[in-house]
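Undergrad: Mind having a look at this structure? Questions to follow.
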Amino acid sequence: LKEKHKILHRLLQNSTSPVDL
Amino acid sequence: TQLADLKTLARQLHEAYLRHFHLSKAKARIFLAGKTSTPPFVIHDLDTLQQAQQILATHMQGDEKDGLVSALQERETESRLFRCCQHTSVETVTQLTEFAKAVPGFANLDLNDQVTLLKYGVHEAFFTLLASCMNKDGLLVAHGKGFITREFLKSLRRPFSDLLEPKFQFAMCFNALQLDDSDLALFVAAIICCGDRPGLANVSHIEFIQESIIHALQLHLQANHPDNTFLFPKLLQKLADLRQLVTEHAQLVQDIKKTQDTSLHPLLQEIYKDMY
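Right under this line is the structure:
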C-alpha cells in the first residue's frame, strides 16, 4: 500500500504540505 | 459518563471540521444567498468563463498555485473545467486527511489502514461537502468567489457533461435534510472511519471508533433536530447512496482518462487505482 499510495502516505505522515497540481 | 464522552466527541469533531475545511456550509450558504459585499462571479458560458480568468486571477494575486487560474490558461473549455474539478478534489483530500488525523483514535491505527480508509472515504466525504456549495442552479467555486451554473456544466460535450450532474442530483436530496456544520462533521467522520472498506487489517479497532461516531451522531441529531425523527436512518441511507455515486464517478473518470486528451493528478491516480 505504501508503494502504491506515496502521496496519501506523505499527507498522513507530515503536517499539511502543498500538493501541487 | 458515556453521554458526556459522546458530546465531547461531537464538539471535538465540529472544531476540527471548522479548522480544516475553509468553506463551511454556513459560509457557503451566505455566498449562495448573495449576502456578501462582493457576490460570486457567475460563469454561465464561454465568455463569462474567459472573464473569470481575469476577474478571479485579480482576486487571487499572490496565490500562484491556484488551480483555477492555471486551469483557465488551458485551451479547451472541457479540459480547463476538468482540471478545476481535479484541483478542488486534491485540495479537499488534503483537508480531509488533516480532519481524519483529528478524529480520536484514527492516528493510532495501522498506517496501511489509514491509507485504505482515506482511499475509499475521501470521495464520499468530498461529495458530501460539495453539496454545501451547491444549489439547484449551480456550484460555488474558487473559495466562493465564483459560481458555475448547472446549465453550463450540462452543456459541455460528453463525457464531461456527465461529471457533475449526478452530484447535483445527490446534493438536492441531501440538502433537503438541512444539516448544519456540526452534523456534517460527525457524518464526514463516520464516512472515513468505516470498518468495511476492502483490505483493512484491524477491522475491530476501526469499528470501535466508528460505533462511537455513529452513536454521537445519533444523539447529536436528536438534540439538534428534535422534530425530525427519521433524520438518523435517512442519513445512514445516504452512506449507501454515496458509495454508489463514487463507484459511478470512478468509472467515469477512468473513461475520461482513457478516451480524452487529459491528465489526472498523481494523488487522484493513486486513489482511483484498483479502487472498485
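Quick mapping for you: the protein sequence lines, in order, are chains Z and Y. Per the numbering used here, the very first residue in the first sequence carries number 1; after that it's consecutive. Per the numbering used here, the very first residue in the second sequence carries number 1001; after that it's consecutive. We put the beta carbon where it would ideally sit given N, CA and C, even for glycine.
Please name the residue or residues paired with Ile1043 (chain Y) in a DSSP beta bridge.
TA: Here the question's residue 1043 (chain Y) lines up with position 43 in the second sequence. Paired residues: Y:Ile1148.
Undergrad: Going along the chain, which residues of its own chain have a beta-carbon closer than 7 angstroms to the beta-carbon of Ala1216 (chain Y), five neighbours each way excluded?
TA: Along the second sequence, one-based indexing puts residue 1216 (chain Y) at 216. These residues qualify, in order along the chain: Leu1006, Leu1009, Ala1010 and Leu1186.
Undergrad: Does Asp1274 (chain Y) pass the burial test, meaning 16 or more other C-beta atoms within 10 Å, or should it be called exposed?
TA: Working through the second sequence from its first residue, we reach residue 1274 (chain Y) at position 274. Per the 10 Å Cβ criterion, exposed.
Undergrad: Tell me whether the beta-carbon of Cys1133 (chain Y) lies closer than 7 angstroms to the beta-carbon of Ala1028 (chain Y).
TA: In the second sequence, residue 1133 (chain Y) corresponds to position 133, counting from 1. In the second sequence, residue 1028 (chain Y) corresponds to position 28, counting from 1. Yes. Within cutoff.
Undergrad: CA-CA distance, Glu1151 (chain Y) and Ser1037 (chain Y)?
TA: Within the second sequence, numbered from 1, the residue matching residue 1151 (chain Y) stands at position 151. Within the second sequence, numbered from 1, the residue matching residue 1037 (chain Y) stands at position 37. C-alpha separation (whole angstroms): 26 angstroms.
Undergrad: Under the rule that 16 or more other beta-carbon atoms within 10 Å means buried, what is Gln1095 (chain Y), buried or exposed?
TA: On the second sequence, position 95 is the one that residue 1095 (chain Y) refers to. With 16 or more Cβ atoms within 10 Å of its Cβ, Gln1095 (chain Y) is classed as buried.
Undergrad: Examine chain Z for any beta-carbon lying closer than 7 angstroms to the beta-carbon of Leu1267 (chain Y), and answer yes or no.
TA: Taking the first residue of the second sequence as position 1, residue 1267 (chain Y) is located at position 267. Closer than 7 angstroms: yes.
Undergrad: In the DSSP assignment, what residue or residues form a beta bridge with Met1134 (chain Y)?
TA: As a first step, residue 1134 (chain Y) is located in the second sequence; it is residue number 134 there, counting from the start. Looking at the DSSP assignment, Met1134 (chain Y) forms a beta bridge with Y:Leu1139.
Undergrad: Is it the case that the segment 1170-1179 of chain Y contacts the segment 1119-1131 of chain Y, given that we only count it when at least three CB pairs across the two stretches are under 8 angstroms?
TA: Enough Cβ pairs lie closer than 8 angstroms, so yes.
Undergrad: In its own chain, which residues sit with a C-beta less than 6 angstroms from the C-beta of Arg1019 (chain Y), not counting the 5 before and 5 after it?
TA: Taking the first residue of the second sequence as position 1, residue 1019 (chain Y) is located at position 19. Around Arg1019 (chain Y): no qualifying Cβ.
Undergrad: Could you tell me if Gly1199 (chain Y) is buried or exposed, where buried requires 16 or more neighbouring beta carbons within 10 angstroms of its beta carbon?
TA: In the second sequence, residue 1199 (chain Y) corresponds to position 199, counting from 1. Exposed, since its Cβ has fewer than 16 Cβ neighbours within 10 Å.
Undergrad: Under DSSP, the alpha helix (DSSP H) around Cys1085 (chain Y) begins and ends at which residues?
TA: As a working note, residue 1085 (chain Y) is residue 85 in the second sequence. Segment Thr1077 to Lys1101, the alpha helix (DSSP H) holding Cys1085 (chain Y).
Undergrad: Shortest alpha-carbon distance to Ala1004 (chain Y) belongs to which of Y:Thr1262, Y:His1220 and Y:Ala1131?
TA: Position 4 of the second sequence, counted from the start, is the residue given in the question as residue 1004 (chain Y). Closest by alpha carbon: Y:His1220.
Undergrad: Kindly list, in the order they appear in chain Z, the residues whose Cβ is closer than 7 angstroms to that of Leu982 (chain Y).
TA: Because chain Y is modelled from 1001 through 1276, residue 982 (chain Y) falls outside the range shown and cannot be assessed.
Undergrad: Report back the beta-carbon spacing between Ile1030 (chain Y) and Val1103 (chain Y) to the nearest angstrom; my notes put them in contact at under 8 angstroms.
TA: One-based indexing of the second sequence puts residue 1030 (chain Y) at position 30. One-based indexing of the second sequence puts residue 1103 (chain Y) at position 103. Wrong, their Cβ atoms sit about 27 angstroms apart, outside the cutoff.
Undergrad: Under the assumption that Glu1078 (chain Y) contacts Leu1139 (chain Y) (Cβ atoms under 8 angstroms), give the Cβ distance between them as a whole number of angstroms.
TA: The sequence position of residue 1078 (chain Y) within the second sequence is 78, counting from 1. The sequence position of residue 1139 (chain Y) within the second sequence is 139, counting from 1. The pair is not a contact, with the Cβ atoms about 16 angstroms apart (cut-off 8 angstroms).
Undergrad: How many whole angstroms separate the CB atoms of Val1141 (chain Y) and Cys1084 (chain Y), which I take to be in contact at a CB cut-off of 8 angstroms?
TA: Numbered from its first residue, the second sequence carries residue 1141 (chain Y) at position 141. Numbered from its first residue, the second sequence carries residue 1084 (chain Y) at position 84. That pair is a contact at about 7 angstroms.
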